[in-house]
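Colleague: Below is the structure I would like to discuss, written out as C-alpha cells.
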Amino acid sequence: MLKISLYKELLKDYPIHWDNWQKEIKQYIELLKQWNNVAGLVSPAELERDCIEHIEDSLSLTDYVIPYLTENSELIWLDIGSGGGFPTIPILLAFKEIRTILIERKIRKTGFLQLLIKKFNLVNTKVICDTFPDCISKFEIKQDDIGIITARGVEKPERLAK
7 MLKISLYKEL LKDYPIHWDN WQKEIKQYIE LLKQWNNVAG LVSPAELERD
57 CIEHIEDSLS LTDYVIPYLT ENSELIWLDI GSGGGFPTIP ILLAFKEIRT
107 ILIERKIRKT GFLQLLIKKF NLVNTKVICD TFPDCISKFE IKQDDIGIIT
157 ARGVEKPERL AK
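In this text, residue positions in the sequence shown follow my numbering: the first is 7, and each later residue adds one.
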C-alpha cells in the first residue's frame, strides 16, 4: 500500500498535482511488476514492499535535487545504473521539466526506461544504453552541463568524481 501521506509530507513544499502524481506512481508500480520478471528491475522477493521503500528513498532526495535543478534549469540530472527508475522516476513524475539523462547498460532495463519516458511524457528525459563513464565521451555529455549525479549501488564515489 502506498504511503501517500508520507509522500505528501516529503513533497509538501512543492506544487504537486497530487491526483495525477498518485495515478502515475500507481501505473509506474504496475509496470515495474509487469516488467520485473523479464528485465530484473528490482528484487522480486518482496516487490510491493521494496517499491514503496524505493519511492520513499527517492522522494527523500527532492529537497536537494529540485531547488538546485530548478534554479539552474540548464543543468542535467545524470543517473547512472537507472534500472527500475529509482530514484529518478518518482521525482520526475512530479517535476517533468527537469533535464535528465538515465544511463543503463542492460538493454532490457533500457527498454523499460524508454517505455516510462514515453508513457509519462517525460520529454526532457532520455536514456542511454551504455556503461559509465564510456557514454560521457561517446554521447558528448559536457561535464559542465551536469548538475547532479545519482548512482544507487553501481559505482564507487571516487570513480564518479573523475
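Glycine residues also receive a C-beta, built at the ideal position from the N, C-alpha and C atoms.
If we call anything under 8 Å between Cβ atoms a contact, is PHE118 one with LEU12?
Modeller: Translated into the one-based positions of the sequence shown, residue 118 becomes position 112. Translated into the one-based positions of the sequence shown, residue 12 becomes position 6. Result no, Cβ atoms of PHE118 and LEU12 do not sit closer than 8 Å.
Colleague: Give the secondary structure of VAL71 by DSSP, where H, G and I count as helix, E and B as strand, and everything else as coil.
Modeller: Position 65 of the sequence shown, counted from the start, is the residue given in the question as residue 71. If DSSP states are grouped into helix, strand and coil, VAL71 belongs with the helices.
Colleague: Suppose the cutoff is 6 Å on Cβ atoms and the five residues either side in sequence are ignored; what does the same chain contact list for ARG105 look like?
Modeller: Walking along the sequence shown from the start, residue 105 turns up at place 99. Cβ neighbours of ARG105 beyond the five flanking positions: ILE82, ASN130.
Colleague: Quick check on PHE138: buried or exposed, where buried means 16 or more other Cβ atoms within 10 Å of its Cβ?
Modeller: Here the question's residue 138 lines up with position 132 in the sequence shown. PHE138 comes out buried.
Colleague: From which residue to which residue does the alpha helix (DSSP H) around ASP151 run?
Modeller: If you number the sequence shown from 1, residue 151 lands on position 145. Annotation: ASP151 is outside any alpha helix (DSSP H) and is labelled neither H nor E by DSSP.
Colleague: Check each candidate in LEU75, PRO73, GLY89 and name the one with the smallest Cα separation from CYS57.
Modeller: Here residue 57 refers to the residue found at position 51 of the sequence shown. Per the Cα distances, GLY89.
Colleague: For THR94, which three-state DSSP category applies?
Modeller: Along the sequence shown, read from residue 1 onward, the residue named residue 94 stands at position 88. THR94: helix per DSSP, three-state reduction.
Colleague: Please state the DSSP three-state secondary structure of LEU121.
Modeller: The count along the sequence shown starts at 1 and reaches residue 121 at position 115. Helix.
Colleague: Does the stretch 93-110 touch the stretch 26-45, meaning 3 or more C-beta pairs lie closer than 8 Å?
Modeller: yes
Colleague: Any heavy atom of the ligand NAP closer than 7 Å to the CB of LEU37?
Modeller: Of ligands this structure carries none, so the ligand NAP is not represented either.
Colleague: Quick check: what's the CA-CA separation for GLU80 versus VAL44?
Modeller: By 1-based counting over the sequence shown, the position of residue 80 is 74. By 1-based counting over the sequence shown, the position of residue 44 is 38. Answer to the nearest angstrom: the Cα atoms are 35 Å apart.
Colleague: Considering only residues of the stretch 26-88, which uninterrupted beta strand (DSSP E) runs meet the minimum length of 3 residues and lie entirely inside it, listed in chain order?
Modeller: If we require 3 residues or more, the beta strand (DSSP E) runs fully inside the stretch 26-88 come out as 82-86.
Colleague: Tell me the DSSP secondary structure of GLU15 in three-state form.
Modeller: If you number the sequence shown from 1, residue 15 lands on position 9. Residue state, collapsed to three classes: helix.
Colleague: Could you name the residues that DSSP lists as bridge partners for VAL133?
Modeller: Looking up residue 133 in the sequence shown gives position 127. Bridge partners of VAL133: LEU108.
Colleague: With DSSP as the reference, label ILE155 as helix, strand or coil.
Modeller: Taking the first residue of the sequence shown as position 1, residue 155 is located at position 149. The answer is strand: DSSP assigns ILE155 an E or B state.
Colleague: Applying the criterion that 16 or more other CB atoms from any shown protein chain within 10 Å of the CB defines a buried residue, is PHE92 buried or exposed?
Modeller: Residue numbering aside, residue 92 sits at position 86 when the sequence shown is read from its first letter. Looking at its Cβ environment, which holds 16 or more other Cβ atoms inside 10 Å, PHE92 is buried.
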